[in-house]
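Residue numbers (our numbering), protein chains in the order written: chain A, 25 to 534; chain B, 27 to 322.
Only one structure is covered here, and it is reproduced in the block below.
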Ligand SMILES: Nc1ncnc2c1ncn2[C@@H]1O[C@H](COP(=O)(O)OP(=O)(O)OP(=O)(O)O)[C@@H](O)[C@H]1O
Ligand SMILES: [Mg+2]
């Protein structure tokens, strides 16, 4: 009891030191590796997790980028990012190229360079099986139509006009909503339609090909040498027939590619990967298959849980440090500084955490401050919770009786000695229960960092459930994990509350 | 700034007053609380201050160990001499400003007041030595609730004087024995009765080896049967030669235990003298009138 505050402080310093070490160790540069940005939740057949082995990333774009890397003597390495953050992430230098069904458009060419196209396709309308009246673009007018956010299909729908557009950030959900009847139709690139709707007995592809979509690999404007190397490799793949082979494996060779590459001869290359995919989707799953599958998820979920936990713990350490610093500024510093502390607290509390994370991750690099996703998450969550902690500590400080300071001073202590030995130890006891609660909500808020390319527990849930269309089972499993890791802290909060509310009564009483 | 604190009383020439107050003034917003206090106290004396509620007794005590800073006059106490002459302009300015400052002070507790910030380092060093030599007991005791009885007593010497922990603890045990609470060392303040808490507060102040003890109504919050145990501690200290000033409503104690009784009214000392003289033979009609009301 005598030394409880000392022990807390020591523990906290130790944890901070460990945290700093982890951060420095986790930053490791390497050469000869082609880092490619892609969203693994964007799904088949682009870049997605192998349903048979979730730790493996597959897709026709994975095959293409691996082939390019092989051609150049490099090794390709995937970096996860949300699809609509792919270009900002490239500019942040999180990876060297992005390949993920990114359509070659005028607007994008203003910001980045595109390689020569590696695939060409069209937009495809998908409707429910029983729907007969939607076959052309003009049929979509007045209907509720889903599409992928930021895609070319969305532009086409906007240009048509009069359509109630619903933009999704992943295609699987849009087809689910079409099945449920929340949408009348979905317009997305044809490969997506083929892979997500084509085999579904509830849905069908409707009407003729719409528009033309070409995909290119994206590089930074400044990386002209890299662009040139990639273009040469793609060109060689086209000539050698390797590109066609890959596309045939995925059942993606179409009339447009035939025209585009002037290659009209028939082949008998099997659609091996497409067939694998169909098999995994259509297969009847027994209870034991399901169980085996869930057990198979465990290493991935475990890893994601570790990310969530370490992120939350580090963020809380930052929050406590920031909170203490800010509250001391606010309460004890002279005017310009205490005012700044107030502005900090209010502007953090008055803006969404999501915006703050985006700002730290995407806006700061433009000012020349580049930080890793993990660090950005820690800083974002830490600053945000720091503001709340500061207010929490202020409340604690103010509920220590005023007479305590006078009693300490009249014993000959200086203000700082009184603060350290009399006021703070009491304030800490009042502040621990709400702090524990804050940590639990931080644990849950940490899921927001998936917007800045982190794969933590919630993101992992999304990835797995999108591959298997298994939202219920996985949802319960992941919610269970959150509960489980939160439980010790809930217990701790209860304990602290029971212990310290007694103390609080004492403190108020005397 | 490092203040070296020693316990010896070398400053005291024999026959000197250990406390000497000259023309002390103190203002609060819209209120002139202390209107020229003069008081001399010899070492070992026990002084009782009596007077109506609101006459400025607490304020005077708080000025004596600088929890409030007086505006003008001279205060010599336990070898430290503080002189201050705030100008009329500064006083009237602070009188006008202050009510705002009180509100500000409420928002930021534990922060130095403007008045405090105005004084120079030299003054503050003196104040700190002064406070370590003058022990004070408050109306509401303010024991440290997060520390045990023993820690309450042992803490300040360790922090302020840099005393060894062992030594301070040994001394704390002695003091607790002296106030009759040796068995209560391991308790927390909330586990004490009012009289026990008050005695712990006295032990806590004594741990700093003060040269002077100030008490603000030490028994007013106590049940009648607990009053005596606290007063007994003061009588014992008196025997040991401790200089003590007590603001009290316990007339019987003032009359039987003190060497001098001081009657205050409206920020001034009206009359002072040996208890028998004041209680049975007051010269001033105002003293007489007050005593006729409070007679117990
Ligand atoms: N911090 C302050 N600010 C403004 N006015 C104050 C302050 N402290 C005391 N006063 C006023 O000064 C006057 C004297 O107060 P003081 O506490 O010294 O009286 P007291 O003689 O101790 O009375 P009691 O016997 O009721 O304790 C009172 O009118 C009080 O309202
Ligand atoms: Mg009083």
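All residues carry an ideal CB built from backbone N, CA and C; glycine is no exception.
Owing to the predicted nature of the structure, the values given are computational and were not obtained by experimental measurement.
Taking a Cβ-Cβ cut-off of 9 angstroms, residue 307 of chain B has no neighbours in chain A, whose nearest Cβ is about 36 angstroms from it. Within the same chain, Cβ atoms closer than 8 angstroms to the Cβ of residue 497 of chain A are found at 314, 318, the five residues on either side in sequence being excluded.
The closest heavy atom of ligand 2 lies 7 angstroms or more from the beta carbon of residue 355 of chain A.
Look at residue 212 of chain B: its C-beta is not under 8 angstroms from any C-beta on chain A. Taking 8 angstroms as the cut-off, the beta carbon of residue 171 of chain A is found closer than this to the beta carbon of residue 211 of chain A. Among the residues of chain B, none has a CB under 7 angstroms from the CB of residue 519 of chain A; the nearest is roughly 18 angstroms distant. In this chain, the beta strand (DSSP E) harbouring residue 143 of chain A covers 143-152.
Taking all protein chains shown into account, residue 187 of chain B has 16 or more neighbouring C-beta atoms within 10 Å of its C-beta and is therefore buried.
Between residue 49 of chain B and residue 62 of chain B, the gap from beta carbon to beta carbon is short of 8 angstroms. Taken in chain order, the unbroken stretches of alpha helix (DSSP H) that lie wholly in the region 410-495 of chain A and span 4 residues or more are 426-434, 439-442, 448-469, 481-492.
When A:519, A:265, A:503 are compared, the shortest CA-CA separation from residue 282 of chain A is found for A:265.
The beta carbon of residue 83 of chain B is closer than 7 angstroms to those of 75, 77, 273, 290 in its chain, skipping five residues each way along the sequence. Interface residue (Cβ-Cβ distance to chain A less than 8 angstroms): residue 86 of chain B is not classified as such.
A contact between stretches requires three or more CB pairs, one per stretch, nearer than 8 angstroms, and the region 70-78 of chain A fails this requirement with the region 154-164 of chain A.
The beta carbon of residue 265 of chain B sits no closer than 7 angstroms to any heavy atom of ligand 1.
At a cut-off of 8 angstroms between C-beta atoms, residue 199 of chain B does not count as an interface residue with respect to chain A. Using a Cβ-Cβ cut-off of 8 angstroms, residue 449 of chain A counts as an interface residue toward chain B, since at least one Cβ of chain B sits closer than that to its own. Residue 189 of chain A: member of the beta strand (DSSP E) spanning 188-192, first to last residue. Secondary structure of residue 213 of chain B (DSSP, three-state): coil. Counting only Cβ-Cβ distances below 7 angstroms, residue 181 of chain B has contacts in chain A at 445, in chain order. With a threshold of 7 angstroms, the Cβ atom of residue 288 of chain B does not count as near ligand 2, since no heavy atom of the ligand is closer than that. Across the set A:215, A:191, A:219, A:220, the C-alpha of A:191 shows the shortest separation from the C-alpha of residue 207 of chain A. Less than 8 angstroms separates the beta-carbon of residue 297 of chain B from that of residue 310 of chain B.
Residues of the region 353-369 of chain A that bring their beta carbon within less than 7 angstroms of a beta carbon in chain B comprise 355, 356, in sequence order. Contact annotation: residue 431 of chain A and residue 95 of chain B have beta-carbon atoms that are not nearer than 8 angstroms. Where residue 284 of chain A is concerned, the enclosing alpha helix (DSSP H) starts and stops at 279-285.
DSSP places residue 177 of chain B within a helical segment (H, G or I) once states are collapsed to three.
Look at the region 337-370 of chain A and you find no whole run of alpha helix (DSSP H) that is 4 residues long or longer. Counting the other CB atoms within 10 Å of its CB gives residue 369 of chain A a total of 16 or more, which places it among the buried residues.
Using a Cβ-Cβ distance cut-off of 8 angstroms, the region 277-295 of chain A and the region 125-136 of chain A are not in contact, since fewer than three pairs of beta carbons, one from each stretch, lie closer than that value. Residue contact check for residue 430 of chain A against chain B: a CB pair falls below 8 angstroms.
Nearest to residue 102 of chain A by C-alpha distance, out of A:216, A:427, A:85, is A:85. Taking C-beta atoms under 8 angstroms as the contact rule, residue 397 of chain A and residue 478 of chain A qualify, at a distance of about 5 angstroms.
Residue 381 of chain A places its beta carbon less than 8 angstroms from that of residue 476 of chain A.
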